[in-house]
Each structure stands twice: as structure tokens, then as C-alpha cells.
Amino acid sequence: MKKIAILRCLKTSASCAGTGCLRAFNERSEGFGKYAGEDVQLAAMWTCNGCGDSMLENQEEGIEKKIARMVKNNIEAVHISHCTSKKNAEEVPVLCPTIANISRRLEAVGVRVYDGTHGQHASGERLKLD
Ligand code: SF4
591 MKKIAILRCL
601 KTSASCAGTG
611 CLRAFNERSE
621 GFGKYAGEDV
631 QLAAMWTCNG
641 CGDSMLENQE
651 EGIEKKIARM
661 VKNNIEAVHI
671 SHCTSKKNAE
681 EVPVLCPTIA
691 NISRRLEAVG
701 VRVYDGTHGQ
711 HASGERLKLD
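Numbering follows our numbering, with no gaps: position 9 of the sequence shown is 599.
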């Protein structure tokens with residue numbers, strides 16, 4: 591069975607119950623459409639450790655542990671929720687640099703990172719990283 595995870599924004603999680611992400615996964619729609627008919631388990635739903643005045647104390651150590659959990663639990667893919675992107679002045683969603691950093695670290699240990707969970711911008715394609 592394929593195991594996947596969702597990564598979302600800590601600040602957004604303060605007022606988000608994750609229903610949009612979980613609905614899309616359960617329906618195998620939007621960012622999860624490519625899994626239709628596949629035996630896939632949503633094995634984790636985690637957040638970054640925050641930024642600015644919402645930063646958690648064990649920021650780096652905690653992220654390292656979460657990345658290690660992905661590897662230890664054989665999670666093949668992490669989908670990045672759209673709440674981790676904010677629109678710029680041209681109304682174009684730009685990925686949070688903290689999430690981009692975590693994504694590079696996930697890819698470096700063999701966990702593939704995909705763009706989106708739900709919503710019109712959720713392509714479900716491999717995340718393009720610089
Ligand atoms: S680092 Fe990015 S994803 Fe995390 S809380 Fe801050 S804005 Fe949200």
C-alpha cells in the first residue's frame with residue numbers, strides 16, 4: 591500500500607480543521623485525483639513549526655524529527671497544501687520559503703513532494719523546486 595502525507599501551514603491550522611484536504615483525499619479528487627483506484631493511505635497530516643510570532647520553540651529539531659518520521663514510516667509522498675502559498679502583488683500564489691526549504695529536505699531523503707491538496711491550484715504534480 592502506498593503511504594502519503596499532507597503538510598500545511600501552522601498559522602492557517604489555527605483556524606482550519608483540514609476538511610478541504612481530507613475531503614479531496616477521501617474523494618481522490620483535485621490534488622489527489624491521480625490516486626483514483628489505488629490503495630493509498632493518508633498516513634500523516636503535519637504542519638511546519640511556524641514563523642514570526644507563531645514560531646514554535648523547537649523549530650529546527652522538530653522539523654528534523656518530522657522528516658525522519660516520514661522516512662521511518664515509509665511515506666513515499668508529501669502533498670503541500672495551498673495554505674502554504676500566499677498571493678503576491680500580482681495575485682500569483684508564491685510558496686512559503688520555509689515550506690520550500692522543508693520540501694528540499696524531504697526530496698533529499700527520498701520523499702517526493704507534490705503540489706497541492708485541494709482547490710483550483712492543486713495540480714497534484716511534482717513540486718518544482720529551485
Ligand atoms: S512558515 Fe510559512 S507555512 Fe509555516 S506558519 Fe509561517 S507562513 Fe505558514
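C-beta: ideal position from N, C-alpha, C; glycine also.
field: Secondary structure of residue 597, DSSP reduced to three states
entry: strand
message: Can you tell me whether residue 711 is helix, strand or coil according to DSSP?
response: In the structure shown, residue 711 sits in coil (DSSP, three-state: anything other than H, G, I, E or B).
query: Under a three-way DSSP split, which group does residue 696 fall into?
result: Residue 696 carries a helical assignment under DSSP once its states are collapsed to helix, strand and coil.
message: the ligand SF4 and residue 623: does the residue's C-beta get closer than 7 angstroms to at least one heavy atom of that ligand?
response: no
- request: Report the three-state DSSP secondary structure of residue 635 (helix, strand or coil).
  value: strand
- prompt: Would you report the Cα separation of residue 698 and residue 689, rounded to the nearest angstrom?
  reply: Computed Cα separation, rounded: 14 angstroms.
message: Classify residue 637: buried if its beta carbon has 16 or more other beta carbons within 10 angstroms, exposed otherwise.
response: buried
- request: Report yes if the C-beta of residue 674 is less than 7 angstroms from at least one heavy atom of the ligand SF4; otherwise report no.
  value: Judged by the Cβ position, residue 674 qualifies as a neighbour of the ligand SF4 at the 7 angstroms threshold, a heavy atom of the ligand being closer than this.
Chain-order list of residues whose beta-carbon lies under 7 angstroms from that of residue 603 (same chain, five-residue window excluded): So the list reads 637, once near-sequence residues are dropped.
query: Does any heavy atom of the ligand SF4 sit closer than 7 angstroms to the C-beta of residue 601?
result: yes
task: Specify the secondary structure class of residue 675 as computed by DSSP and reduced to three states.
output: strand
message: Give me, in chain order, the residues of the same chain whose beta-carbon lies closer than 8 angstroms to that of residue 648; leave out the 5 immediate sequence neighbours on both sides.
response: 639
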